[in-house]
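Counting from 132, one number per residue, gives the positions in the sequence shown under the numbering used here.
All C-beta atoms, glycine included, are put in the ideal place defined by N, C-alpha and C.
Remember, predicted model here, so these are calculated numbers, not experimental data.
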Amino acid sequence: MKLSEVKRALHLWNRGHWRDYIFSQGMLFTASLLLVFFISVGLGVQKVLDRFLSNDLPAEQVRVTPPGLQAGFFQTETGGMEITEDIRMDLESMEQVQRVDPQIYAHVPAALRGMLGGQNYYTDITLEGVTGEFLGDSLIGTIDWSYSLADSADRLLPIVLSENLLLLYNAGFAESNNLLGLSTEGVIGMECSVTLGQSSIAGLDHQPITVRARIDATSRNMNLFAIGVPFEFVDEVNNLFLPDDTRRYSALVITAVDAQDVPSIVRMVEETGLNAETRRGIAQKAEVLVGAVTAALSALAAAILLSALSSAIHTLVADLRNRRFALGVLVALGTAHGRLSMLFAFQIFLMSLATTVLGALLGCLLAWGASSMVLSLSPVLSAAVDTLAVFPVGWLAAGLGVMLTASTAIAYAFFNRILRTPVTRLLRP
């Protein structure tokens, strides 16, 4: 069939039916737009949730914590169970244990002062002593993580800031006081002073000590709940201000020789009355929230998509019913079924493909616009993530391909069913 014949056939085929055809393509356009929008935003939201709920606890690690609530020098215990030096040594002596990295809170009040946006800044803080092995070389590879009070004369106290605290600052303080939100890149290198033994809510009889400090890195590790400083420094501060107190750890991060040894370590820890948390347990908690949000978005997207796709297919089928007489004339004139099928495939598939691609592009633009608007309204999110929309080419192509195939296949099957109808019935008024 020549190109001029194809154009002539399309003109005759569509004469009087452009309104129905435009409507069906419009519904297909809407369906592809919504499909791309919900895939992009849905996977983007899931990525954000994974970002906030993610942790750096490998499969072979177990985090041991005391029962009850512990926040800095405030501590409430259920049953009085604490992580003592004896418990740490017992755990280190287990054959399944490769290493134990301790964490310890400063059990004295502390405050931080500095300059923020050209203004003096003051806040009460909680220091948590951690080891360099706990943080890892990838985080502090260029930082000297050894520090004592004697070093304060010529060195700055190195600080690793938990990004969770940064988010709390942006959400709970900066936004409500019209202050500039802070990004992770913006805080690195900031210098400040840390006062030990005194804060706005508590103080000790011992003379407070002030040291100069600098934020050298930030960490997403969910096991770091406060401002991380060298372990030896916090231990020295606790001994200086509270010499009669015994050393008690805020947490122990146990690294097993093999990930298969984790269950036996967990059982041993729980028998002592302490809490043991693994990556699997944290992941299961995160999956509940992520799954609920994803299911809600998927259900909404599926309902809207099925409605739009059903309307498009229904309109195509109804349009074909209205063309039975025209189809009968073409068959009666000897037009081969193969040529009719080619004509149908050209119009429905190729032009629907163009409609689908156009809808997908607009869906991407809409998802990007929605993400930009939400981030502009929320400094908390904008400081934590770059975008709420992702555009996975594989997922988008698969979704559009399934939708286009389904709509075209159903219409094509109905078209072939009409072709099998006797000509006398097709020409019947």
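Sequence-distant residues of the same chain with beta carbon closer than 6 angstroms to residue i, five excluded per side
i	result
GLY567	The requested residue 567 is not part of the displayed model; the chain covers only 132 to 560.
PHE160	THR486 and GLY490
LEU299	none
THR74	Because the chain in this structure spans residues 132 to 560, residue 74 falls outside the shown range and cannot be described.
SER283	VAL342
TYR543	none
ARG286	none
Exposed unless 16 or more other CB atoms sit within 10 angstroms - verdict on residue i
i	result
VAL231	buried
GLY267	exposed
ILE561	No answer is possible for residue 561: it lies beyond the span of the chain, which begins at 132 and ends at 560.
ASN547	exposed
VAL400	buried
ARG194	buried
ILE332	exposed
VAL368	buried
GLU223	exposed
GLU322	exposed
THR173	Note that residue 173 is Gly in the sequence shown, not Thr. Under this definition GLY173 is a buried residue.
Opening and closing residue of the alpha helix (DSSP H) in which residue i lies
i	result
ASN370	362-372
ARG548	524-550
LEU489	482-508
GLU316	315-318
GLU216	216-223
Cβ shell of residue i (< 7 angstroms), same chain only, five flanking positions each side left out
i	result
THR315	GLU294, LEU297 and THR349
VAL554	GLY459, VAL462 and ALA463
GLY263	ILE271 and TRP276
Closest Cα partner of residue i within the set the options
i	options	result
GLY334	LEU527, GLU223, PRO240 and ASP375	PRO240
LEU327	LEU508, ALA434 and ASP255	ASP255
VAL336	TYR300, PHE356, PRO374 and GLY312	According to the sequence displayed, residue 336 carries Asp and not Val. It is PRO374 whose Cα lies nearest to the Cα of ASP336.
ALA242	LYS178, SER269 and VAL342	VAL342
MET212	PHE356, THR403 and SER324	THR403
GLY320	ILE346, GLN329 and LEU313	ILE346
LEU371	ILE340, LEU492 and VAL397	ILE340
GLU216	THR377, SER171, PHE168 and ASN352	THR377
VAL325	MET246, PHE456 and GLY465	MET246
LEU74	ALA520, PRO361 and GLN229	Since the displayed the chain opens at 132 and closes at 560, residue 74 lies outside it and no answer follows.
Three-state class that DSSP yields for residue i in the structure shown
i	result
TYR236	strand
LEU405	coil
ASP187	Caution is warranted here: a pLDDT of 49 is assigned to ASP187, below 50, making its placement in the model unreliable, and no coordinate value can be reported.
ASN295	helix
VAL554	helix
LEU383	strand
ALA390	helix
LEU174	helix
ASP268	helix
MET158	helix
GLY245	strand
GLY334	strand
ASP255	strand
Terminal residues of the beta strand (DSSP E) in which residue i lies
i	result
THR466	From DSSP, THR466 is part of no beta strand (DSSP E); its letter is neither H nor E.
VAL342	340-350
ARG194	192-196
VAL261	258-261
SER324	322-327
Neighbourhood of residue i by C-beta, 8 angstroms cutoff - its chain only, sequence neighbours within 5 removed
i	result
GLU563	Nothing about residue 563 can be reported from this structure: the residues present for the chain run from 132 to 560 only.
GLY530	LEU166, VAL167 and ILE170
Min CB distance residue i to chain D below 7 angstroms
i	result
ARG244	Of the chains in the structure shown, none is chain D; there is only one protein chain.
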